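Protein chains: 2
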Amino acid sequence: MAQKPGIPKGTRDFGPGELARRYYIIEVIREAFERFGFQPIETPSFENYDTLMGKYGDEGDRLIFKILNSGDFLSKVGADELAKGDANSLTPKISEKALRYDLTVPFARYVVMHQNELDFPFKRYQIQPVWRADRPQRGRFREFFQCDADVVGATGILQELEFVQLYDRVFDQLGLKGVTIKINHRKVLAGIAEVIGASDKLIDFTVALDKLDKIGAAGVEKEMLGKGLAPDAVEKVKPLLDTTMDAMGRFEKLEELLSDSEVGQEGLADLRSILEQTDALGLRASTLVPDVTLARGLNYYTGAIFEVAAPEGVEMGSIGGGGRYDDLTGIFGLKDLSGVGISFGLDRIYLVMEQLGLFPPSVDQQLDVFCINFGEAEAKAAFKLVLNLRSKGVRTDIYPNAAKVGKQFKYADKRGVPRVILIGDEELKAGNFTVREMKSGEQATFSMAQWEDFAAQLLR
Amino acid sequence: MAQKPGIPKGTRDFGPGELARRYYIIEVIREAFERFGFQPIETPSFENYDTLMGKYGDEGDRLIFKILNSGDFLSKVGADELAKGDANSLTPKISEKALRYDLTVPFARYVVMHQNELDFPFKRYQIQPVWRADRPQRGRFREFFQCDADVVGATGILQELEFVQLYDRVFDQLGLKGVTIKINHRKVLAGIAEVIGASDKLIDFTVALDKLDKIGAAGVEKEMLGKGLAPDAVEKVKPLLDTTMDAMGRFEKLEELLSDSEVGQEGLADLRSILEQTDALGLRASTLVPDVTLARGLNYYTGAIFEVAAPEGVEMGSIGGGGRYDDLTGIFGLKDLSGVGISFGLDRIYLVMEQLGLFPPSVDQQLDVFCINFGEAEAKAAFKLVLNLRSKGVRTDIYPNAAKVGKQFKYADKRGVPRVILIGDEELKAGNFTVREMKSGEQATFSMAQWEDFAAQLLR
Chain L
1 MAQKPGIPKG
11 TRDFGPGELA
21 RRYYIIEVIR
31 EAFERFGFQP
41 IETPSFENYD
51 TLMGKYGDEG
61 DRLIFKILNS
71 GDFLSKVGAD
81 ELAKGDANSL
91 TPKISEKALR
101 YDLTVPFARY
111 VVMHQNELDF
121 PFKRYQIQPV
131 WRADRPQRGR
141 FREFFQCDAD
151 VVGATGILQE
161 LEFVQLYDRV
171 FDQLGLKGVT
181 IKINHRKVLA
191 GIAEVIGASD
201 KLIDFTVALD
211 KLDKIGAAGV
221 EKEMLGKGLA
231 PDAVEKVKPL
241 LDTTMDAMGR
251 FEKLEELLSD
261 SEVGQEGLAD
271 LRSILEQTDA
281 LGLRASTLVP
291 DVTLARGLNY
301 YTGAIFEVAA
311 PEGVEMGSIG
321 GGGRYDDLTG
331 IFGLKDLSGV
341 GISFGLDRIY
351 LVMEQLGLFP
361 PSVDQQLDVF
371 CINFGEAEAK
381 AAFKLVLNLR
391 SKGVRTDIYP
401 NAAKVGKQFK
411 YADKRGVPRV
421 ILIGDEELKA
431 GNFTVREMKS
441 GEQATFSMAQ
451 WEDFAAQLLR
Chain G
1 MAQKPGIPKG
11 TRDFGPGELA
21 RRYYIIEVIR
31 EAFERFGFQP
41 IETPSFENYD
51 TLMGKYGDEG
61 DRLIFKILNS
71 GDFLSKVGAD
81 ELAKGDANSL
91 TPKISEKALR
101 YDLTVPFARY
111 VVMHQNELDF
121 PFKRYQIQPV
131 WRADRPQRGR
141 FREFFQCDAD
151 VVGATGILQE
161 LEFVQLYDRV
171 FDQLGLKGVT
181 IKINHRKVLA
191 GIAEVIGASD
201 KLIDFTVALD
211 KLDKIGAAGV
221 EKEMLGKGLA
231 PDAVEKVKPL
241 LDTTMDAMGR
251 FEKLEELLSD
261 SEVGQEGLAD
271 LRSILEQTDA
281 LGLRASTLVP
291 DVTLARGLNY
301 YTGAIFEVAA
311 PEGVEMGSIG
321 GGGRYDDLTG
331 IFGLKDLSGV
341 GISFGLDRIY
351 LVMEQLGLFP
361 PSVDQQLDVF
371 CINFGEAEAK
381 AAFKLVLNLR
391 SKGVRTDIYP
401 NAAKVGKQFK
411 YADKRGVPRV
421 ILIGDEELKA
431 GNFTVREMKS
441 GEQATFSMAQ
451 WEDFAAQLLR
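Residue numbers (the UniProt record's numbering), protein chains in the order written: chain L, 1 to 460; chain G, 1 to 460.
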């Protein structure tokens with residue numbers, strides 16, 4: 001009996017319509033990356049087991065897909081070992097490769113492996129799928145694309161300024177107006193922790209702060225107290241949690257609070273520079289806003305931290321994020337290489353664009369002309385014309401046989417083509433072709449010799 | 001201690017230079033696919049274990065990468081089963097997913113799963129990586145891209161004609177002249193086997209025939225006799241093995257030989273039509289040649305068979321191939337859907353293009369302008385200019401800090417940029433920028449207000 005086909009949960013088939021829209025977004029991002037001087041790299045889909053394991057915490061290790069060794073994968077496993085039946089200890093013995101979990105660790109591995117061929121600062125972009133054995137949910141998949149741009153080997157805030165402009169460039173090009181680029185700084189968070197006497201609880205403190213949007217000021221205070229922060233420490237943080245105040249108002253409160261913290265002042269100086277210079281340069285589609293509650297990937301970032309929110313009114317998590325890190329490549333033995341990078345959330349940007357109706361109609365049109373097939377002799381002339389049109393860049397197709405004309409028209413309509421070419425007996429004799437607009441039904445007849453004019457007209 | 005990084009054998013990192021060239025080839029292929037009315041699909045990197053297993057023969061099954069189930073993958077394996085230590089029987093119990101081995105089986109699975117959404121004839125293209133646990137060799141990798149175009153649900157030789165033109169279009173666009181597109185037909189092979197009385201040995205017969213290039217006529221005859229073909233049968237085949245005769249000469253011999261075979265005549269009629277009509281339409285970069293020894297994937301193809309050879313003088317296996325198959329989707333329960341498809345060998349086309357020096361210089365230039373950084377005030381003005389140029393589509397970069405000018409020039413040179421922009425103290429005061437051509441050293445000064453003219457000049 002034939003198999004009933006399916007695909008693994010959390011994965012997707014992409015059909016032509018959806019892909020045309022995905023390719024459109026990817027091309028806008030890729031073009032922006034290249035205009036900004038980023039160069040592409042691609043790394044293998046699977047890395048050595050040891051390259052990935054231990055880089056994403058225990059939860060990450062569990063979510064990494066491992067590849068079973070080929071051939072007799074049990075040959076090196078002892079009978080005792082096998083009898084224990086312990087999947088955890090068996091895994092590294094029967095699997096020496098794993099699917100990449102993100103693009104960051106492979107990038108770090110790449111930089112270290114190729115350090116002698118690279119010219120620093122090295123600006124790379126990478127657009128490839130990653131895989132995670134996460135529980136699938138709406139908008140969360142086991143295979144999804146990441147679109148990352150990073151610079152390694154460059155310090156100074158020019159890179160941060162550049163990434164803000166890069167985000168803006170992409171969203172402007174996509175027609176996605178009203179995006180908010182939130183910015184914070186690891187040193188600002190460290191400064192607050194220092195000032196309130198909770199430097200030893202930096203993580204607990206920032207994790208709680210990060211929840212302000214979700215649980216409100218009272219919830220954050222409660223969580224901080226629950227994590228053992230002193231009541232007077234929490235009291236000092238209160239002004240930062242006042243959501244009735246706008247972002248710049250809270251930023252001023254922050255400046256007061258951090259007046260005595262050296263590390264805090266360093267962070268604030270960076271933030272001020274980035275805000276002021278961005279203000280002078282201007283943004284087209286987005287707004288840059290300081291957000292003291294932003295703490296994504298704190299263990300990882302050491303300087304500026306970015307997160308991008310969709311326009312107001314669209315229910316969607318962040319559509320991008322990034323920041324500066326000082327020791328990306330240290331795990332592979334290359335110390336003191338500072339980097340900063342950002343990422344675009346392709347799937348979410350897609351959903352936002354769809355919700356707001358931002359895809360241009362041209363993206364959905366995949367065929368410019370369709371040629372009706374009236375029989376062998378007619379089709380020969382038609383096929384010659386089809387090939388000519390294609391040679392000029394007109395996306396053209398022809399029905400493979402002389403099926404009923406009604407059926408062919410229905411097919412052309414389903415393919416979404418705006419016009420068809422008719423070469424029937426009459427046209428064949430006269431050396432003509434007729435073009436009919438699908439919507440209006442308007443017709444025009446051209447002589448075969450005029451095909452180049454017709455092509456030029458379509459491509460205008 | 002830090003890990004010494006490496007990548008799994010048979011896989012590759014692609015750096016910016018190589019990728020720019022790969023993207024160039026892929027874009028030419030993709031554009032040709034779209035002009036010819038093919039629509040993109042993408043399928044998940046891994047499929048269900050059962051979808052892939054048993055579709056590629058025993059050897060194929062062994063070469064498929066299996067993914068270890070997540071979590072406690074031994075929980076459903078009995079102690080007895082485990083104690084046996086039999087990797088083969090254990091595999092399906094601890095692995096329910098596998099990496100795709102080609103694009104054909106996933107495509108068949110896709111068509112069957114989505115048959116109610118698709119409009120037939122369905123023309124799809126697919127450019128994605130595939131994985132095989134093959135022994136790595138020069139030019140053979142464990143991860144590589146396939147670029148496939150197929151039509152399902154269309155009979156008649158218009159599709160075959162179209163695929164010949166599609167090959168020619170791509171090779172012409174790539175500047176790859178002198179390609180040979182070899183064509184054969186399953187029914188011709190069946191006809192020969194019938195005529196010589198070896199229908200029951202069709203596979204052995206064609207496998208031997210396929211080796212003519214490698215082992216010569218004497219070798220082929222010897223192999224056929226060794227496989228049990230009758231001496232008089234082998235005698236009848238001899239005229240087809242005469243390599244001193246050109247392709248058309250051998251094709252005539254074939255017509256004589258098959259004069260009494262009905263199936264053979266059917267195949268010949270198709271071949272003649274395809275050859276004659278292609279002759280009438282013309283080819284730009286390639287030649288279509290009948291090749292009776294061509295037998296690739298015989299179990300699979302049911303009509304025309306294609307294989308593409310690189311220009312003479314280039315040592316390279318086939319750079320493309322394909323054919324017609326009548327029951328691709330039958331394995332998943334959808335009967336009688338005829339299909340025909342071709343594939344481009346990306347890695348080999350890359351090597352041929354490199355050997356013949358066919359990549360246009362523009363492909364290797366990834367940056368149009370580089371801006372030297374003379375200090376904070378100058379960099380502010382420069383960065384504004386950089387952003388303006390980028391907004392017009394000029395790929396522009398700037399050094400992140402005011403390093404020594406010599407160092408910055410050296411970096412610009414390594415990035416392969418043809419010109420640099422200099423905004424020093426003088427230019428800053430005068431509101432100017434100076435452009436220096438890297439090769440000639442020629443300089444020209446523009447006023448900042450002229451930046452749009454400068455950008456337009458670069459993009460011409």
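All C-beta atoms, glycine included, are put in the ideal place defined by N, C-alpha and C.
Given the structure is predicted, the values throughout are model-derived calculations rather than measurements.
CB of residue i within 8 Å of CB of residue j, strictly
i                      : j                 : result
Ile181 of chain L      : Val308 of chain L : yes
Leu346 of chain L      : Cys147 of chain L : yes
Phe145 of chain L      : Gln128 of chain L : yes
Asp413 of chain G      : Glu378 of chain G : no
Ala208 of chain G      : Glu223 of chain G : yes
residue 472 of chain G : Pro5 of chain L   : Residue 472 of chain G lies beyond the residue range present for chain G, which begins at 1 and ends at 460; the question has no answer from this structure.
Pro40 of chain L       : Tyr125 of chain L : yes
Val111 of chain L      : Leu118 of chain L : yes
Val170 of chain L      : Gln159 of chain L : no
Ile64 of chain L       : Ala32 of chain L  : no
Ser286 of chain L      : Val179 of chain L : yes
Lys66 of chain G       : Leu68 of chain L  : yes
Residue i - DSSP class collapsed to helix/strand/coil
i                 : result
Glu266 of chain G : helix
Asn432 of chain G : strand
Pro400 of chain G : coil
Asp336 of chain G : coil
Glu315 of chain G : coil
Asp77 of chain G  : A quick correction: the sequence has Val, not Asp, at residue 77 of chain G. Of the three classes helix, strand and coil, the one that applies to Val77 of chain G here is coil, per DSSP.
Arg124 of chain G : strand
Thr11 of chain G  : coil
Leu422 of chain G : strand
Residue-level contact to chain G via CB, residue i, 8 Å cutoff
i                      : result
Thr51 of chain L       : yes
Phe374 of chain L      : no
Arg109 of chain L      : yes
Gln450 of chain L      : no
Gly444 of chain L      : A small fix is needed here, since residue 444 of chain L is Ala in this sequence, not Gly. No, Ala444 of chain L does not count as interfacial toward chain G.
Ile127 of chain L      : no
residue 475 of chain L : There is simply no residue 475 of chain L to check, as chain L begins at 1 and stops at 460 in what is shown.
Ala379 of chain L      : yes
Tyr411 of chain L      : yes
Short CB-CB distance (under 8 Å) between residue i and chain L
i                 : result
Gln39 of chain G  : yes
Pro5 of chain G   : yes
Lys93 of chain G  : no
Met248 of chain G : no
Leu281 of chain G : yes
Glu47 of chain G  : yes
Thr43 of chain G  : yes
Pro136 of chain G : no
Ala87 of chain G  : yes
Ile29 of chain G  : no
For this session: Determine contact between the region 391 to 404 of chain G and the region 425 to 439 of chain G, defined as no fewer than three beta-carbon pairs at a distance below 8 Å.
Result: Look at the beta carbons and you see the region 391 to 404 of chain G not touching the region 425 to 439 of chain G: under three pairs across the two are nearer than 8 Å.
Exercise. In the region 134 to 162 of chain G, which residue ranges form an unbroken beta strand (DSSP E) of at least 3 residues, counting only runs that do not cross its ends?
Worked result: 143 to 152
For this session: Please determine if the region 261 to 275 of chain G and the region 184 to 191 of chain G are in contact, where contact requires at least 3 C-beta pairs separated by less than 8 Å.
Result: yes
For this session: Assess, as a yes-or-no matter, whether the region 381 to 395 of chain G is touched by the region 22 to 36 of chain L under the definition of 3 or more beta carbon pairs within less than 8 Å.
Result: Judged by Cβ distances under 8 Å, the region 22 to 36 of chain L makes contact with the region 381 to 395 of chain G, as three or more pairs qualify.
Exercise. At what residue ranges does the region 231 to 305 of chain L contain a whole run of the beta strand (DSSP E), taking only runs of 3 or more?
Worked result: With a minimum length of 3 residues, the continuous beta strand (DSSP E) runs that stay inside the region 231 to 305 of chain L are 286 to 290.
Problem set entry | Contact between the region 295 to 304 of chain L and the region 77 to 91 of chain L (3+ Cβ pairs under 8 Å) | no
For this session: Return the chain-ordered ranges of every alpha helix (DSSP H) run that is complete within the region 31 to 75 of chain L and spans a minimum of 4 residues.
Result: 49 to 52, 57 to 63
Problem set entry | Any alpha helix (DSSP H) of 4 or more consecutive residues that is wholly inside the region 314 to 392 of chain L | 346 to 355, 361 to 364, 376 to 391
Exercise. Are at least three pairs of beta-carbons, each pair with one atom in the region 313 to 326 of chain L and one in the region 47 to 54 of chain L, less than 8 Å apart?
Worked result: Output reads no: the region 47 to 54 of chain L does not touch the region 313 to 326 of chain L.
Exercise. Is it true that the region 228 to 243 of chain L meets the region 204 to 218 of chain L, where meeting means three or more beta-carbon pairs spaced less than 8 Å apart?
Worked result: yes
Exercise. Would you call the region 53 to 60 of chain G and the region 52 to 64 of chain L touching, i.e. three or more CB-CB distances under 8 Å?
Worked result: no
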